[in-house]
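Written below as structure tokens is the structure these notes are about.
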């Protein structure tokens, strides 16, 4: 009774104090960027950002007391409740399919492009429930929300790479925040993940830019991925950003025309503007040294970007771009003059392979090529489920076969615990200018219990991508390597019954023989000799 | 050429070997059997499932018990003392079988605080807290008895009332069918409306339930069907059949899923600008005056057609929001099982009277106890029926605690309604927890045939020689004994 009265007073207080964020303090902005890449493909990026004005993440210290009522207009309620329930300060979830090709496509607009599912969160400490308990519940809640197998991101895959996955702003609470990170490279993103994604948007896929999100076309793209990013902006509030990136290939339809339009990429056009979007923009990166034409007339055109304001443009809006010149595949890759807009091209090029044909040992080999003219430091992160274990003493760093141990520093290593904890290897790597650093380490492959094998055991295990983050000079943007596939010793799964039958036969035979000898009555028979 | 022993060599007689003596051989065979028989209890223990005995007789004895609430009504300021006996008789005729023991008496010094009071008033009937003012006369006595009976045991439609839970979530949703079509309601002053219309109710119901409130606005909430167009251009209509499929749960995300508490939904539905006014049709197909309907045990829906002069999307008009939320408040009371006061009795409309609250407490306690008993009987029955079902310590503990809570409930029924309700809720939740204990399913799907299939290849091949030698040895022993007897004779 007293409790309710307190809440009544509090809610009255907040109403009077103008805290009530039920209207006007939530803003929704949507943006679509379209860019033609050097190899003729078209990169599209949707970004839907909702800011809950004036809000702060829930202090985990208050988890034991009743939460305020949650009233949302634009902010997604289902997500807001999850964030409040587990007092998560910062959260990033990405679900991607395909391999982002940094060498051809440069840096992506959204940096989280690791293959499969990746989830990382900064969670404040100090609640009754520990960080790990809330991390587990958060995983399960998000798995339910997005219909993804995020429940498999369990302790076997969870690590805490604080150097590589740095947070945005964190509230100043007495107890520190902790990071939890897990990735599941074998997760496939599909329509069943996009449907709940669209339901988090105020206009769903029925109006505004989101109406272009046509699953039939997006999941047919060369590369596609979605992301959910929750962060706290101290000046604005809690921001939820939903992103969708896709790389489509206009050259698939015609081998030498890079022309694209919404109709050709998404098979849709924007029929209506989203009525609650504070801003709704389409930004098209314009080619630099090439002839082109763009339709319709952009709302503004500056610094190489054509911007369309969806609310002002005539509907249906179908932006298209034509190139009079034919596309010459090999030439365009080589010649920067024919390339389109200056794009944040990655000066780092990485190749990572797993060598060794046996099922118990192998060698991880990573080539990192630095094309820049300056020495660069990168944070290098390897996370592995315990099934692959590093022999740290075999770690070598070399340039042109000359061992350079001085290039590796600040190694932090969390050894794996079989059947229970993942391995994390984190170090700072110095990349001299215009050089290729070769890093090798011996690994051992675990022998699994037969219940630990996945249903498609013969396929092998996907290993998470390594992550590199340039420190200092270059743009501090994460670079993901492609995933690896490791082949572990796999049993014949009809084995258990065979073993039972075989063992039983053997035991019965031994038992029978011993028993027989012990109880047999021996007599000497004299054979009459003739 | 066969091997021939030379005549001069004598072999040791095998029957002289240590283990070839009759006694030792029989000892060896017997020890095998001893080990086998001694291992049976261990095998039995390690393969059997834990089945603790449940307090079956206590569960069955619950069936005979019924919750009885003593109710005391004191007549104040009424000179005719003979009225009390007559009134008690009349009330007993009306609600005798409902578990209430009603006693009516005249005001005297031994006046207990908990009792209900009825005082005479000239012409109006007015209920407040546990007090009723009524024009008490001999002639109005049957009507007074009716009124009191209805106040004590109100008639409610039990199909509408949501299942009891100590905590509910109230999810308020402003649904625009299609905001992009224009003239939508894009925001509402939900905090103000809740604190004005609902908090007093929630506050007075705090003895029964805790509430968590959440709200959201949706801008695109398509219906799964097309409302029919009315002939004379009077807008669109929802037929009674349409109302049953009104909720489009595939497209509308109506509440979050962070907890398992039951959710009561309240939806303000704004039809698309092209489908206004949207009206609810009666069974004859004519528009009814009501724009609200209730989905039993699920929630309430209000269809709000913004005024046609509205040009663009806007905030919810405060006057309209008031009427929407007063409807929500009524719907909430219906869903929670709060009965209206009888017709003709006036109340201070903003708060619930003690009569209503007590009636609800009694009703919920009766429901919970009946359901707890039913659940306990089901547990006992299912454990009896399925012999492979394990019954662990936690299940037995829950069943015992549930029974204890039920026993406490019977004793506290005469002293405190709040305690009775809480004990009945405890009994129900403990019984449900025992019923849904995941440990009870553990070995259900590991049939005996499966075990035999694993054991047979081992045991059959090992036990057959054991039986054969034992049988042979027993036969030999009996023959020897016969021979010895024959020699003695």
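Residue numbers (this note's numbering), protein chains in the order written: chain A, 7 to 536; chain B, 4 to 492.
Where a beta carbon is used, it is the ideal one built from N, C-alpha and C, also for glycine.
Remember, it's a predicted structure, so these values are computed and weren't measured experimentally.
* Apart from the five residues just before and just after residue 177 of chain B, which ones in its own chain have a Cβ nearer than 6 Å to its Cβ? -> 191, 220, 271
* Nearest-angstrom Cα distance between residue 128 of chain A and residue 316 of chain A? -> 35 Å
* How would you label residue 288 of chain A, buried or exposed, when you count the other beta carbons within 10 angstroms and need 16 or more for buried? -> buried
* Among A:370, A:454, A:527, A:355, the one whose alpha carbon lies nearest that of residue 499 of chain A -> A:454
* **When A:239, A:47, A:509, A:497 are compared against residue 254 of chain A, the one with the closest alpha-carbon** => A:47
* If you compare alpha carbons, which of A:87, A:264, A:512, A:529 is closest to residue 143 of chain A? -> A:87
* To do: Note down, in chain order, all residues in the stretch 89–102 of chain A with a beta-carbon under 9 Å from any beta-carbon belonging to chain B.
  => 90, 91, 92
* Taking DSSP as the reference, what is the three-state secondary structure of residue 253 of chain B? -> coil
* To do: Closer than 9 Å by beta-carbon distance: list the chain A residues that pair up with residue 230 of chain B, in chain order.
  => In chain order: nothing, as chain A lies at least about 18 Å away.
* Please determine, among B:259, B:300, B:154, the residue with the shortest C-alpha to C-alpha distance to residue 90 of chain A. => B:259
* Residue environment, residue 163 of chain A, which counts as buried when at least 16 other CB atoms sit within 10 Å -> buried
* Asked: Got a sec: is the Cβ-Cβ distance from residue 525 of chain A to anything in chain B below 8 Å?
  -> yes
* Measure the beta-carbon distance from residue 345 of chain B to residue 150 of chain B and round it to whole angstroms, keeping in mind my assumption that it falls under 8 Å. => 5 Å
* DSSP state of residue 392 of chain B, grouped into three classes? -> coil
* Asked: So what's residue 59 of chain A in DSSP terms, helix, strand or just coil?
  -> strand
* Asked: Buried or exposed: which applies to residue 459 of chain B, given that a residue is buried once 16 or more other Cβ atoms fall within 10 Å of its Cβ?
  -> exposed
* Are there three or more Cβ pairs, one per stretch, closer than 8 Å when the stretch 490–505 of chain A is compared with the stretch 459–466 of chain A? -> yes
* Asked: By the criterion of Cβ-Cβ separation under 9 Å, what are the contact partners of residue 217 of chain B in chain A?
  -> 75, 76, 77, 78, 83, 86, 87
* To do: Tell whether a beta-carbon distance below 8 Å holds between residue 203 of chain A and residue 152 of chain A.
  => yes
* **Backbone secondary structure at residue 127 of chain A - three-state DSSP** => strand
* Asked: If the cut is a Cβ gap below 8 Å, which residues of chain A does residue 28 of chain B touch?
  -> 524, 525, 527
* Asked: Nearest to residue 68 of chain B by alpha carbon, out of B:409, B:462, B:469?
  -> B:409
* Asked: Between the Cα of residue 361 of chain A and the Cα atoms of A:239, A:380, A:448, A:310, which residue gives the shortest distance?
  -> A:448
* Segment contact flag, the stretch 365–376 of chain B with the stretch 431–442 of chain B, C-beta cutoff 8 Å, min 3 pairs -> yes
* To do: Count the other CB atoms, across all protein chains shown, that sit within 10 Å of the CB of residue 443 of chain B; report buried if there are 16 or more and exposed otherwise.
  => buried
* Asked: Where does the unbroken alpha helix (DSSP H) through residue 141 of chain A begin, and where does it stop?
  -> 137–152
* To the nearest whole angstrom, what separates the beta carbons of residue 307 of chain B and residue 281 of chain A, a pair I think is in contact under 8 Å? -> About 18 Å separates the two Cβ atoms, so there is no contact after all.
* To do: Identify the continuous alpha helix (DSSP H) that holds residue 42 of chain A and give its terminal residues.
  => Run containing residue 42 of chain A: none in the alpha helix (DSSP H); it sits in the beta strand (DSSP E), 32–42.
* **Outcome for residue 426 of chain B when other beta-carbon atoms lying within 10 angstroms are tallied against a minimum of 16** => buried
* With contact counted as at least three CB pairs below 8 Å, one residue from each stretch, are the stretch 294–311 of chain A and the stretch 236–251 of chain A in contact? -> no
* C-beta contact flag for residue 443 of chain A and residue 490 of chain A at 8 Å -> no
* **Between the CA atoms of residue 331 of chain B and residue 322 of chain B - distance to the nearest angstrom** => 14 Å
* **Cβ-based neighbour list, residue 238 of chain B, same chain, cut-off 7 Å, excluding 5 preceding and 5 following** => 279, 280, 281, 282
* Separation of residue 518 of chain A from residue 59 of chain B, as counted between CA atoms -> 49 Å
* Would you call residue 371 of chain B buried or exposed, if buried means 16 or more other Cβ atoms sit within 10 Å of its Cβ? -> buried
* To do: Could you check which residue in B:30, B:50, B:335, B:478 has the C-alpha nearest to that of residue 269 of chain B?
  => B:335
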